[in-house]
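The listed protein sequences derive, respectively, from chains A and B. The numbering of the first sequence is the working numbering, which starts it at 2 and goes up by one. The numbering of the second sequence is the working numbering, which starts it at 33 and goes up by one. Glycine included, every Cβ here is placed at the ideal spot set by N, Cα and C. All remarks here apply to the structure that follows.
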Amino acid sequence: MIYQDSTTLLKVRGLHATVNGIEILKGIDLTVNSGEVHAIMGPNGSGKSTFAKVLAGHPAYEVTGGTVEFEGKNLLEFAPEARARAGLFLGFQYPVEIPGVANSQFLRLAYNTVQQQRGKEELDPLEFDDFVREKMKLLEMNPDFLDRSVNEGFSGGEKKRNEILQMALLEPKLGILDETDSGLDIDALRVVAGGVNQLAHKDNAIVLVTHYQRLLNYIVPDYVHVMDGGRIIKTGGKTLAVELETRGYDWVSAAYKAEVSARA
Amino acid sequence: MSATISNSYLAGLLTGRPDLSAAFSSPAHAWLNRLRADAVDRVGALTVPTTRDEEWRFTDISPLTRIPFQPTRNAPSLDAGKIEHFTLPEPGARLVFVDGVYAPELSFNNAGIVMENLAAGMARHGAQIAPHLGRYAQFHGNVFTALNTAFLHDGAVILVPDNTSVTAPLHLLFIATQEGTASYPRCLVVAQSGSSATLIEDYVALTDEAYFSNAVSEIVIADNAHLNHVRVQRENGAAFHISSCAVALAHASRYQSVSVALGARISRYDLNVVQAAAGAECTVDGLALIAGSQLADTHSCIDHAQPNGTSRQLHKCIVDGAAHAVFNGKIIVRPGAQRTDSSQSSRNLLLTGKARIDTKPQLEIFADDVKCAHGATVGQLEGEEVFYLRSRGLSDAAARNLLTYAFGAEIIDRIPVPTLKHRLEQIVLAHTNH
């Protein structure tokens, strides 16, 4: 939702980034205010996921130009953990499996670390257990998932629910969800989207990175951005997503190219 | 090392043999005296292995031969309070050995089966012991098994009768307390048909000085019987620990073992499992977690001698500092051992640039209708895993510690004794918190 008295959470200007010396992001501009839901769409290889990982501070990517401000601070100076503690959350496209660490142990460690950094109360295992079970209801998750190793042997849908559960626990100001809809059947999609909708409020913001429009039937964006070739080449409202679904991406790319050559 | 020096070292070790002619004087013990005498002869014929021996290629045990270890004649009597942090609430029976000598005052048996010191058990249960003792742990080519057999006296005999399920674990606790001592504990477990039990072998220290543990276990599992075997080697950092375990599996029997090596300056564990009848199953898991200049060597051999057997093996090493881990995992599938289903995985984590691992899966397959999978990985912590945890607020160090812990915990989790599992988890946690 777009609010009059919103504050700017994320301000990206001219962001360039490389991986293994290859430039993937070629000048991204994006502003996200509190209360808003943004969708970043685009064909495979357009740089959407790279953008999400760069915002979260993935060490494999090198920022070679531009600025990123998070609540007015230079986000690029922060280590990944500092970004998380400051209130940035990345929901992974491929959540990592960690055999040997119980999900409950991992969730509590993450929760308490972030709580401590924010000067808030930490929870002991019993208190945390009650707290996390409440949050799990939001995502219709079986409490058995607490005892299993982190993501190990989870189905695609279970892994994505676990990601949103982490978002629910860490209460970020900005949640970036990378292809959260991939690998989900329609029921799981509805549950996951319902969870995200319940977590969205006027003081936080959500950025959905997605290839398909169907997620946007459940989480309605205020802005839809189309990425291609490492840039945002078009921005529109929620109807743009519907148009992309019927017409594909080529016409946007063609229009952008025509515009660029007209300018040149 | 020349053969002469090696032999004089072994001869020196043998001078510490107590005179046991009085203890085992009855004619019924003639076989035992013969076994020991054969072992003494064999020690005389063998030499201390060097890195030129294929089986000891990566494990230089010459530091052992610089210390003239001797068995103790007077082990201290310990207060129960002194061993409190090594005892566990679960066991139904416990035998304690101090510097290799049986300590009856610290031991108990409420398990309702025969579990007692081998020396005493020999008189009462000789007929059940004689067919097995020394039959599985072959000493012909292994000088350390020969030494242990030459000294054969104290140790455990555990006899689980037919169709008996012993639910509470059976605990063997070996405590080293004195510098320069050599101990030669021997353990024989006979699990009769249809029985089940859980055995814990635990090697600990109440001293920081160097000593030598040379332990040998023999485990016989009869038809349809099931044994869980947990082995924890947490000797002190100056100790030498050289041990072996021989397991014989009968028809449709099951052997599940978890062995954890944390201690010792130099340790070596040889585990040999023979599936001597059809349909046997074994799960053989291991974890070595070492640091500093420790060396931990595990050699295992799973011998599928008969058809329809299965074996599962996951061996992990976490190597910190300038430590060195060795794993040699042999799987033999004999001709006729058709429909064998075997898998082996060796996974290793190096925490520093100086840490070293030598891992060698060794498959010898002589049957055609078999399923054998094996693999070995050596690596450092995965960048993706570390990033995932950092993106949830954990510091780089906390993320790495947690992942290292998790790597080891996967093995510890398989220990079926909750208190022991929890304590080992705490130890692994402490090891991995830098």
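For the alpha helix (DSSP H) containing residue i, list its first residue and its last residue.
i	result
A:Arg-248	239 to 248
A:Thr-51	49 to 57
B:Ala-441	428 to 444
A:Glu-82	81 to 87
A:Tyr-4	That residue, A:Tyr-4, is in no alpha helix (DSSP H); it is neither H nor E in DSSP.
B:Leu-64	62 to 77
A:Glu-164	157 to 171
B:Lys-96	Correcting the residue type first, residue 96 of chain B is Leu in the shown sequence and not Lys. Careful: B:Leu-96 lies outside any alpha helix (DSSP H) and carries neither H nor E.
How about residue i and residue j: do their beta carbons lie closer than 7 Å?
i	j	result
A:Val-225	A:Ala-242	yes
B:Val-192	B:Ser-227	yes
B:His-273	B:Ser-245	yes
B:His-331	B:Thr-372	no
A:Glu-153	A:Glu-72	no
A:Lys-174	A:Gly-88	yes
A:Leu-26	A:His-39	no
B:Val-351	B:Ala-387	yes
A:Leu-133	A:Asn-104	As written in the sequence, residue 133 of chain A is Val, which differs from the Leu given in the question. No, they are not a contact pair.
B:Leu-150	B:Val-75	no
B:Arg-297	B:Ala-323	no
B:Phe-101	B:Ala-214	yes
A:Gly-101	B:Glu-442	yes
A:Gln-214	A:Glu-246	yes
B:Gln-345	B:Ser-299	no
Could one say the Cβ of residue i lies closer than 7 Å to chain A's Cβ atoms, at least one of them?
i	result
B:Ala-441	yes
B:Leu-231	no
B:Ala-242	no
B:Glu-417	yes
B:Met-33	For B:Met-33, the predicted model reports a pLDDT of 44, less than 50, meaning its position is unreliable; a value from the coordinates is still stated below. No, its Cβ sits nowhere closer than 7 Å to a Cβ of chain A.
B:Arg-344	no
B:Ala-17	As displayed, chain B neither begins before 33 nor continues past 466, which places residue 17 of chain B out of reach and without an answer.
B:Ala-438	yes
B:Ser-423	yes
Helix, strand or coil, according to DSSP, for residue i in the structure here?
i	result
B:Gly-295	coil
B:Arg-422	helix
B:Asp-111	coil
A:Gly-22	coil
B:Lys-392	strand
A:Pro-100	strand
A:Tyr-112	helix
A:Gly-46	coil
B:Met-33	With a pLDDT of only 44 at B:Met-33, under 50, the local geometry of the prediction cannot be trusted, and the value read off the model is given with reservation. Three-state DSSP puts B:Met-33 in coil, outside helix and strand.
A:Tyr-95	coil
Round the Cβ separation of residue i and residue j to the nearest angstrom and send it over; I've been treating them as touching at under 8 Å.
i	j	result
A:Tyr-112	A:Leu-170	5 Å
B:Gly-318	B:Lys-348	7 Å
A:Asn-34	A:Thr-8	7 Å
A:Leu-91	A:Ile-177	5 Å
B:Ala-357	B:Ile-389	5 Å
Would you say residue i faces chain B, with C-beta separation under 7 Å as the test?
i	result
A:Leu-91	yes
A:Glu-82	yes
A:Val-20	no
A:Thr-114	yes
A:Gly-1	Missing from the structure shown is residue 1 of chain A; chain A here goes from 2 to 265 and no further.
A:Arg-86	yes
A:Ile-165	no
A:Ile-99	yes
A:Ala-111	yes
A:Ala-169	no
A:Ala-57	yes
A:Leu-10	no
A:Val-102	yes
Starting from residue i, trace the beta strand (DSSP E) in both directions and tell me its first and last residue.
i	result
A:Tyr-62	62 to 71
B:Val-264	258 to 265
A:Lys-138	It is not in any beta strand (DSSP E) - A:Lys-138 instead sits in the alpha helix (DSSP H) that spans 126 to 139.
B:Asn-380	373 to 382
B:His-336	327 to 336
B:Ile-459	Premise fails: B:Ile-459 lies in the alpha helix (DSSP H), 450 to 463, not in any beta strand (DSSP E).
A:Met-142	Premise fails: A:Met-142 is in no beta strand (DSSP E) and is neither H nor E.
B:Asn-149	146 to 149
A:Arg-191	That residue, A:Arg-191, is in no beta strand (DSSP E); its alpha helix (DSSP H) goes 187 to 200.
B:Phe-272	272 to 281
B:Arg-218	218 to 223
Quick check on residue i - is its C-beta less than 7 Å from some C-beta in chain E?
i	result
B:Ser-427	No chain E appears in this structure, whose protein chains are A and B.
Any heavy atom of the ligand SAM closer than 6 Å to the Cβ of residue i?
i	result
A:Leu-77	Inclusion of the ligand SAM in the displayed structure is not the case, the ligand content being empty and no account of it being possible.
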